[in-house]
Ligand code: BG6
């Protein structure tokens with residue numbers, strides 16, 4: 011700690027109004043009761059259809075049960091020092107058929123959650139879509155069908171009308187590229203297609219839907235607030251500076267970052283991406299007015315989810331032209347010797363990536379207001395670190411601290427970064443990985459539903475209270 015005049019300044023001191031918090035999503039935390047009126051989402055459906063695709067056969071019905079425990083959970087969230095908290099609304103809970111009738115029980119539930127957060131001085135950040143398409147809409151083609159864009163616009167407007175008087179930070183989508191990759195390219199989300207043309211259409215409709223919601227939000231001037239999108243950015247690093255590696259890395263950047271980043275923040279698609287989709291005959295069907303809609307309705311704020319970088323090298327083998335087109339036709343992934351890994355998840359840990367993203371936003375994206383909306387470390391069998399009733403997750407403290415140092419540096423260099431949210435608040439159910447990896451500041455015993463703050467939860471409480479740390 012250094013003395014700056016009379017004020018003691020920490021080595022990694024963040025601004026007074028920095029957002030400290032964590033992120034969650036409806037499907038992963040809420041749980042479902044028989045009488046709650048929720049409609050089915052693709053996750054409920056997929057689990058019923060193919061339970062063996064889920065780790066240990068555990069589906070989304072078995073969660074940390076926030077639907078029943080939110081009052082106590084929010085007290086704990088306050089206890090670990092959060093001033094902000096991200097949750098998503100479940101579209102199929104609020105509007106069970108995707109369009110039409112609103113479920114009053116859902117309205118009461120979300121109203122209570124928001125009120126409870128505000129009463130505890132925690133600002134809610136609401137995300138409208140976190141991978142959980144209502145099944146009724148998936149049955150008409152989901153994001154492949156333009157009608158889903160209209161249904162989403164109606165849903166967004168309904169949510170703004172219902173909760174907009176209390177909430178001023180909104181997000182249209184979390185990681186919109188994940189349903190594209192998982193559902194339409196690499197078979198890890200429903201509807202498990204491998205179809206690049208459909209993937210491009212789904213991605214395009216998602217961007218149009220986001221722009222529609224932003225337009226409505228600004229027309230309504232919801233709570234004089236801000237609306238953004240949350241993107242998982244994976245900075246792309248070439249194996250070498252030779253032209254072929256650089257070209258491969260640029261292509262990966264186009265597919266996995268700029269495909270959503272450019273239209274969301276700059277209002278236009280990158281030329282390189284347009285050329286590729288034209289070349290392969292997979293350009294999306296568009297409507298008159300879309301271009302202006304996307305151009306005129308860019309985000310106010312960007313959430314950045316960062317877990318891992320992407321290492322890329324030039325393609326070594328020519329892809330089979332008769333096989334289905336995949337982005338991988340343009341690059342090979344590359345395993346960097348000596349890389350640091352989170353072996354549990356199989357993800358590289360590269361803390362400087364978070365800085366590179368923030369500086370890229372500063373230099374190439376108008377220094378848009380941003381915050382780290384997810385960053386975190388999933389670990390298996392955490393109960394083996396239990397000592398004196400507390401999980402000693404020093405590895406997680408280390409992980410967060412090292413990333414925060416780079417966030418601090420980016421901020422000091424002028425990046426417009428306003429906060430840090432970890433994934434996640436309390437251990438929760440994760441898509442097909444179920445409870446394999448635990449990510450929370452708070453541990454949850456799924457059998458008893460008992461919650462205990464981990465060592466990292468105490469640590470983040472101190473960091474957020476002091477707005478920083480020394481070492
Ligand atoms: C993020 C998602 O990409 O990663 C979360 O927004 C997810 O929903 C998190 O849980 C961690 O990934 P996983 O697959 O290990 O749970």
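Residue numbers (my numbering): 11 to 481.
Idealized CB from N, CA, C, for every residue including glycine.
In this text the structure is predicted, and so the values were computed from the model without any measurement.
Three-state class that DSSP yields for residue i in the structure shown
i           : result
residue 430 : strand
residue 400 : strand
residue 52  : helix
residue 145 : helix
residue 179 : strand
residue 462 : strand
residue 297 : coil
residue 444 : strand
residue 21  : coil
residue 407 : helix
residue 236 : strand
residue 187 : helix
residue 417 : helix
residue 272 : helix
Closer than 7 Å: residue i CB and nearest the ligand BG6 heavy atom
i           : result
residue 388 : yes
residue 358 : no
residue 68  : no
residue 38  : yes
residue 63  : no
residue 188 : yes
residue 56  : no
residue 185 : yes
residue 416 : no
residue 441 : yes
residue 101 : no
residue 433 : yes
residue 384 : yes
residue 355 : yes
residue 242 : yes
residue 447 : yes
Opening and closing residue of the alpha helix (DSSP H) in which residue i lies
i           : result
residue 195 : First-last for residue 195: undefined, no H or E at that position.
residue 224 : 206-230
residue 320 : No alpha helix (DSSP H) holds residue 320; the beta strand (DSSP E) holding it covers 320-323.
residue 301 : 300-306
residue 494 : It is not possible to answer for residue 494, since the shown part of the chain is limited to 11 through 481.
residue 474 : 465-476
residue 119 : 114-129
residue 173 : 156-173
residue 259 : 253-263
residue 285 : 281-289
Top-ranked residue by Cα proximity to residue i, from the options
i           : options               : result
residue 258 : 243, 294, 238 and 343 : 343
residue 37  : 23, 103 and 67        : 103
residue 226 : 279, 306, 196 and 205 : 306
residue 141 : 362, 128 and 186      : 186
residue 93  : 70, 406 and 28        : 28
residue 35  : 456, 459, 448 and 441 : 441
residue 147 : 52, 376 and 122       : 52
residue 272 : 369, 76 and 376       : 376
residue 157 : 206, 170, 218 and 196 : 218
residue 251 : 168, 324, 124 and 89  : 324
residue 447 : 89, 286 and 388       : 388
residue 64  : 443, 96, 129 and 174  : 443
residue 267 : 450, 315 and 480      : 315
residue 167 : 372, 470, 145 and 231 : 231
residue 190 : 174, 294 and 210      : 210
residue 59  : 77, 74, 202 and 164   : 202
residue 116 : 430, 439, 41 and 56   : 41
residue 340 : 391, 370, 360 and 287 : 287
With 16 other Cβ atoms within 10 Å as the buried cut-off, status of residue i
i           : result
residue 234 : exposed
residue 327 : exposed
residue 385 : buried
residue 302 : exposed
residue 25  : exposed
residue 382 : buried
residue 149 : exposed
residue 289 : exposed
residue 81  : exposed
residue 393 : exposed
residue 229 : exposed
residue 114 : exposed
First through last residue of the beta strand (DSSP E) which encompasses residue i
i           : result
residue 68  : Unbroken run through residue 68: none, as it is neither H nor E.
residue 96  : 94-98
residue 33  : 29-33
residue 247 : 246-248
residue 314 : 311-315
residue 380 : 379-384
Proximity test, residue i beta-carbon vs the ligand FAD heavy atom, cut-off 7 Å
i          : result
residue 35 : The ligand FAD is not part of this structure, which contains only the ligand BG6.
Proximity test, Cβ basis, 8 Å: residue i and chain C
i           : result
residue 239 : This model lacks chain C altogether, as it is built from one protein chain only.
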